[in-house]
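Structure first, then comments.
Numbering (the working numbering), first residue to last: 1 to 71.
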């Protein structure tokens, strides 16, 4: 494809800054920039889903360790 993999770092920095979160993305190995970028996007997506998804066992609970989400 034509996606500039140099922009991946910029994307994650912008995401973290605009979401007001601390985000650490560490790639332990890989040689192909496309595959490295793909695994980083997938890992962050899974982490966000895990952090934000409501627990079906507690449908009325807020998905937060503090008990509330504030913007």
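Virtual Cβ for every residue (Gly too), placed ideally from N, Cα, C.
All values derive from a computational prediction rather than experimental measurement.
Item                                                                                                                                              : Value
CB residue 63 to CB residue 51, shorter than 8 Å?                                                                                                 : yes
For residue 21, count the other beta carbons within 10 Å of its own beta carbon; 16 or more makes it buried, fewer makes it exposed. Which is it? : exposed
Since residue 37 contacts residue 2 with CB under 8 Å, what's their CB separation in whole angstroms?                                             : Not really, about 13 Å apart at Cβ, beyond 8 Å.
Among 30, 41, 58, 54, which one has its Cα closest to the Cα of residue 11?                                                                       : 41
Taking Cβ to Cβ, would you say residue 23 is nearer than 8 Å to residue 15?                                                                       : yes
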